[in-house]
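Number of protein chains: 2
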Amino acid sequence: MTGATRVLLDESRTPRTWYNIVADLPVPPPPPLRPDTSQPVGPDDLAPLFPMELIAQEVSTERFIAIPESVRDVYRLWRPTPLIRAHRLERALGTPARIYYKYEGGSPAGSHKPNTAVPQAYYNARQGIRRLTTETGAGQWGTALAFACAQYGIECEIWMVRASYDQKPHRRSLMRVYGATVHASPSPLTVSGRSVLAERPDSPGSLGIAISEAVEVAGSGPEVRYALGSVLNHVLLHQTVIGEEAIEQLAAFGEVPDVIVGCTGGGSNFAGLAFPFLREKLAGRMDPVVRAVEPESCPSLTRGVYAYDFGDAAGFTPLLKMHTLGHAFVPDPIHAGGLRYHGMSPLLSHMYELGMFEAVAKGQRECFEAGLRFARTEGIVPAPEPAHALAETIAEALRCKESGEPKVLLTALCGHGHFDLSAYDRHLAGELEDYALPQDRIDAALAGLPVLESPGSSGQS
Amino acid sequence: MTGATRVLLDESRTPRTWYNIVADLPVPPPPPLRPDTSQPVGPDDLAPLFPMELIAQEVSTERFIAIPESVRDVYRLWRPTPLIRAHRLERALGTPARIYYKYEGGSPAGSHKPNTAVPQAYYNARQGIRRLTTETGAGQWGTALAFACAQYGIECEIWMVRASYDQKPHRRSLMRVYGATVHASPSPLTVSGRSVLAERPDSPGSLGIAISEAVEVAGSGPEVRYALGSVLNHVLLHQTVIGEEAIEQLAAFGEVPDVIVGCTGGGSNFAGLAFPFLREKLAGRMDPVVRAVEPESCPSLTRGVYAYDFGDAAGFTPLLKMHTLGHAFVPDPIHAGGLRYHGMSPLLSHMYELGMFEAVAKGQRECFEAGLRFARTEGIVPAPEPAHALAETIAEALRCKESGEPKVLLTALCGHGHFDLSAYDRHLAGELEDYALPQDRIDAALAGLPVLESPGSSGQS
Numbered sequence: 001m002t003g004a005t006r007v008l009l010d011e012s013r014t015p016r017t018w019y020n021i022v023a024d025l026p027v028p029p030p031p032p033l034r035p036d037t038s039q040p041v042g043p044d045d046l047a048p049l050f051p052m053e054l055i056a057q058e059v060s061t062e063r064f065i066a067i068p069e070s071v072r073d074v075y076r077l078w079r080p081t082p083l084i085r086a087h088r089l090e091r092a093l094g095t096p097a098r099i100y101y102k103y104e105g106g107s108p109a110g111s112h113k114p115n116t117a118v119p120q121a122y123y124n125a126r127q128g129i130r131r132l133t134t135e136t137g138a139g140q141w142g143t144a145l146a147f148a149c150a151q152y153g154i155e156c157e158i159w160m161v162r163a164s165y166d167q168k169p170h171r172r173s174l175m176r177v178y179g180a181t182v183h184a185s186p187s188p189l190t191v192s193g194r195s196v197l198a199e200r201p202d203s204p205g206s207l208g209i210a211i212s213e214a215v216e217v218a219g220s221g222p223e224v225r226y227a228l229g230s231v232l233n234h235v236l237l238h239q240t241v242i243g244e245e246a247i248e249q250l251a252a253f254g255e256v257p258d259v260i261v262g263c264t265g266g267g268s269n270f271a272g273l274a275f276p277f278l279r280e281k282l283a284g285r286m287d288p289v290v291r292a293v294e295p296e297s298c299p300s301l302t303r304g305v306y307a308y309d310f311g312d313a314a315g316f317t318p319l320l321k322m323h324t325l326g327h328a329f330v331p332d333p334i335h336a337g338g339l340r341y342h343g344m345s346p347l348l349s350h351m352y353e354l355g356m357f358e359a360v361a362k363g364q365r366e367c368f369e370a371g372l373r374f375a376r377t378e379g380i381v382p383a384p385e386p387a388h389a390l391a392e393t394i395a396e397a398l399r400c401k402e403s404g405e406p407k408v409l410l411t412a413l414c415g416h417g418h419f420d421l422s423a424y425d426r427h428l429a430g431e432l433e434d435y436a437l438p439q440d441r442i443d444a445a446l447a448g449l450p451v452l453e454s455p456g457s458s459g460q461s
Numbered sequence: 001m002t003g004a005t006r007v008l009l010d011e012s013r014t015p016r017t018w019y020n021i022v023a024d025l026p027v028p029p030p031p032p033l034r035p036d037t038s039q040p041v042g043p044d045d046l047a048p049l050f051p052m053e054l055i056a057q058e059v060s061t062e063r064f065i066a067i068p069e070s071v072r073d074v075y076r077l078w079r080p081t082p083l084i085r086a087h088r089l090e091r092a093l094g095t096p097a098r099i100y101y102k103y104e105g106g107s108p109a110g111s112h113k114p115n116t117a118v119p120q121a122y123y124n125a126r127q128g129i130r131r132l133t134t135e136t137g138a139g140q141w142g143t144a145l146a147f148a149c150a151q152y153g154i155e156c157e158i159w160m161v162r163a164s165y166d167q168k169p170h171r172r173s174l175m176r177v178y179g180a181t182v183h184a185s186p187s188p189l190t191v192s193g194r195s196v197l198a199e200r201p202d203s204p205g206s207l208g209i210a211i212s213e214a215v216e217v218a219g220s221g222p223e224v225r226y227a228l229g230s231v232l233n234h235v236l237l238h239q240t241v242i243g244e245e246a247i248e249q250l251a252a253f254g255e256v257p258d259v260i261v262g263c264t265g266g267g268s269n270f271a272g273l274a275f276p277f278l279r280e281k282l283a284g285r286m287d288p289v290v291r292a293v294e295p296e297s298c299p300s301l302t303r304g305v306y307a308y309d310f311g312d313a314a315g316f317t318p319l320l321k322m323h324t325l326g327h328a329f330v331p332d333p334i335h336a337g338g339l340r341y342h343g344m345s346p347l348l349s350h351m352y353e354l355g356m357f358e359a360v361a362k363g364q365r366e367c368f369e370a371g372l373r374f375a376r377t378e379g380i381v382p383a384p385e386p387a388h389a390l391a392e393t394i395a396e397a398l399r400c401k402e403s404g405e406p407k408v409l410l411t412a413l414c415g416h417g418h419f420d421l422s423a424y425d426r427h428l429a430g431e432l433e434d435y436a437l438p439q440d441r442i443d444a445a446l447a448g449l450p451v452l453e454s455p456g457s458s459g460q461s
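Residue numbers (full-length UniProt numbering), protein chains in the order written: chain A, 1 to 461; chain B, 1 to 461.
So, in structure tokens, the structure goes:
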């Protein structure tokens, strides 16, 4: 089957279970802590924010968790997604490597995000929740949740960072097409928003402020909850449909992967592809190198510390042990908005400490160049986030060209770039710059790491 | 298989031939004429514009024309496209009808246009052509040709109507991502463009002016040709892969279509879906009603005349016998840019005269409402053009609800609306108006129909 381009699976092959890698880890990940007591967070602490079934998934140690039929039924609108061999890119590179990409951009929202938005909407609807709140930066997550809420008749209320709200009107429109209400954040609708506006009426906003607003409203009533698009265990869990399908499809190509590459912001896309393959690796059935790619401008894995820190800028969330640049770190406005997060998923951070995968950082010029190369050969214009993974995949393919090794490379193309074309325009005009992130900016942000109360473990590793 | 949502075909099922319906028509379509002599146009007249293999296809009477392997190999990047049953839309409508849509928006350019752009680039490349010129309005066709040229190493030079160039910067960027050169039209690069600019330096341009510029440059050298995205026979021919796949997929669902609906601008998307089914109908193997949907603001089939007219506004093209509102007709700036053409494909016009399909016109508010309804149930945001077909499909499904008939409805969702979200925004804000196109505007444009020289047949039916 070497000559094939795409392996499609019939909808009956949509996975029936999500894979929970926690069940297979040699050491369990450290728990989230309450900032006031340094004690592990319990279900009651999370109940105002999330429905009970998601809280149960967040702490579950079961290996496989059944996907509800209602969720599979929505998945069927675009799943299983294709696994595609990049014949044309291979030829353009002149590499002996065989490059495969799992394409998630065919979903209604144009990315992998609906894989978790749909079950989150489902579990909330089952618990009688009528409204979900969330924040969104570039708009990928907001779009996915708006679509998912439309499927379950739930209202969706989104705080979109003011700067993106003004600069990305089309993403904003897309959320409204799906029936969501979209506010520019900071907004006059919340205490948090008003207090920011009082100080600075023209504030461009930040993800931290938007989270505060969404969380504040979620806590305001029994029928309102909050939804998060990455970082947490249950979000990573839901994304494992990507890797489960890819295992079956790669086998249909007759291939075993040598190198698996994914981009990391909060970590959900990378985990979704990698976890099922890591299960196979732990079981000794394959032995791929697994590699995360992050932006040089926000290098939480490669230059952050492993410590307890807040998940948001304002310090409202539980303390999460994770690779972090400090919750006060403000990444530069690079064009891969989905990779601009000061921390890394606690579960992935723990696995990184265990040596289960590698990480590299890339500058955005190399990434946009990879995106162009991919578009002109394979046709799909990648979003800037997966362009990071493509840049490393191309670099690996060129190393194979040097060494003559015909490695099998697998990557996740987690979304299309239809709403990122102004960034490509800037790249084509030569306006995008790379730079080395000054260490003093990281040091300054890390100086603000929270000090744990005595009952907990040390906050710095 | 009634419960299934999507029927996918393996890439080996990509059609091996295009279907040429001319072979099966009871009366051949009237030929294009030279304006100066009123004699049929010969291959030599077209050779400066098109490569010989496309000219041969334009006049071919063979029933099936083989698709070159190189073209099938590019098609494989996204073909076969899925045929999807709209379970969720059906439930929302409460209709007993079963609604199927063939989705072409998963192509690199996001529409059905690459189905013809790829073979056009291929045949030009085979003839040693180094550069293709074309015009584009909203940008769908320009995007498709830019992608196709990138596959064959041909330069692509696009004149984009100035108003769209300024209003749709993302479409412009997408063409550049694929490596094309994009000029705002009127441009200072051509005699036609300069003469317009001399009179009106701030001209917003028109498709007619852009065609003149692209044709002028195509005629300038032996290695430059011109490419057209709709209207002509060879373009419609290439689109028949849509219907051929749909026949196989609908059979896999166990269905026979009762009603087939497609939107018509120049006619290529509609023809692509309908022609293979019309072949089956002519052969007595099925008996679907086939219906074209056009915008009320540009109703060439339902309110135009069947007469010889120019294909462009400036009167540079051969005379084509077609349903036309007059080449001087300037449609209002509605949001379905792909449906704003004064004429209809000559082949389709002829078939309409033979009674082979029906036509209806729709206002844009009903179409955007249908688009919203579709997005919120099926997930995909339709482009405004196929939203016209969806509006009629929904109307038919509601008639089935009245009558209780469980009809099988098939439509073509020829592209996504990712670059049309500002139009949806205006619809959500209640800003889009419908109106009855005044008859005197049509009459005024029809008064300018060309008068044929004596050797030809009458210009008005």
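The beta-carbon is built from N, C-alpha and C at its ideal position, and this holds for glycine as well.
- Here the alpha carbon of Gly311 (chain B) sits roughly 13 Å from the alpha carbon of Gly265 (chain B).
- Secondary structure remark: continuous alpha helix (DSSP H) runs of at least 4 residues inside the segment 126-209 of chain B, in chain order: 140-152, 162-167, 169-177 and 191-199.
- The beta-carbon separation of Pro386 (chain A) and Ala97 (chain A), rounded to 18 Å, does not stay under the 8 Å limit for a contact.
- The DSSP-derived three-state label of Met344 (chain A) is coil.
- It is roughly 20 Å from the alpha-carbon of Pro82 (chain B) to the alpha-carbon of Leu413 (chain A).
- Inter-residue distance for Tyr19 (chain B) and Met175 (chain B) is about 30 Å (C-alpha atoms, whole angstroms).
- In the three-state scheme derived from DSSP, where H, G and I count as helix and E and B as strand, His350 (chain B) is classed as helix.
- The C-alpha of His323 (chain B) lies about 8 Å from the C-alpha of Ser345 (chain B).
- Gly179 (chain A) has a beta carbon lying within less than 8 Å of a beta carbon in chain B.
- Neighbours of Ile380 (chain B) in chain A, taken as residues whose beta carbon is under 7 Å from its own, are Pro108 in chain order.
- Between the alpha carbons of Asp73 (chain A) and Gly243 (chain A) lies a gap of roughly 19 Å.
- Rounded to the nearest whole angstrom, the C-alpha separation of Ala86 (chain B) and His112 (chain A) is 22 Å.
- With 16 or more neighbouring CB atoms inside 10 Å of its own CB, Gln239 (chain A) falls in the buried class.
- At least 8 Å separates the beta-carbon of Ala397 (chain B) from that of Leu410 (chain B).
- For Asp434 (chain A) against Arg365 (chain A), the beta-carbon gap comes to about 5 Å, under 8 Å, which counts as contact.
- Here Pro28 (chain A) carries a coil assignment [DSSP, helix/strand/coil].
- Distance between Ser192 (chain B) and Ile158 (chain B), taken at the CA atoms: about 15 Å.
- Note: Ser111 (chain A) is bridge-paired with A:Gly415 in the DSSP secondary-structure output.
- Residue state for Ile442 (chain A) is assigned as helix, using DSSP reduced to three classes.
- In terms of beta-carbon proximity, Ala4 (chain A) lines the interface with chain B, with at least one pair separated by less than 8 Å.
- In the DSSP assignment, Val289 (chain B) falls within the unbroken beta strand (DSSP E) covering Val289 to Pro295.
- In this structure, Lys362 (chain A) keeps its C-beta atom at 8 Å or more from the C-beta atom of Glu255 (chain A).
- Chain B has no Cβ within less than 8 Å of the Cβ of Ser70 (chain A).
- Distance between Glu294 (chain B) and Tyr306 (chain B), taken at the CA atoms: about 16 Å.
- For the options A:Tyr424, A:Gly343, A:Leu282 and A:Val241, the alpha carbon positioned closest to that of Leu449 (chain A) is the one of A:Gly343.
- Arg376 (chain B) sits in a helix when the DSSP states are folded into three classes.
- Listed by position along chain A, the residues whose Cβ is nearer than 7 Å to that of Phe374 (chain B) form an empty set, because the closest Cβ is around 10 Å away.
- Within the same chain, Cβ atoms closer than 6 Å to the Cβ of Gly371 (chain B) are found at Pro382 and Ala387, the five residues on either side in sequence being excluded.
- For Cys298 (chain B), the secondary structure class from DSSP, reduced to helix, strand or coil, is coil.
- Selection A:Val259, A:Ala163, A:Ile209 and A:Gly267 evaluated against Met351 (chain A) yields A:Gly267 as nearest (Cα-Cα).
- Checking the DSSP bridge columns, you'll see Phe310 (chain B) partnered with B:Leu319.
- When DSSP states are grouped into helix, strand and coil, Ile334 (chain A) belongs to the coil group.
- Under DSSP, the beta-bridge partners assigned to Glu358 (chain B) are B:Arg291.
- Boundaries of the beta strand (DSSP E) harbouring Thr17 (chain B): Thr17 to Tyr19, taken from the DSSP string.
- Under the 8 Å criterion on CB atoms, Ser185 (chain B) is classed as non-interfacial with respect to chain A.
- Here DSSP, grouped into helix, strand and coil, assigns Thr324 (chain B) to strand.
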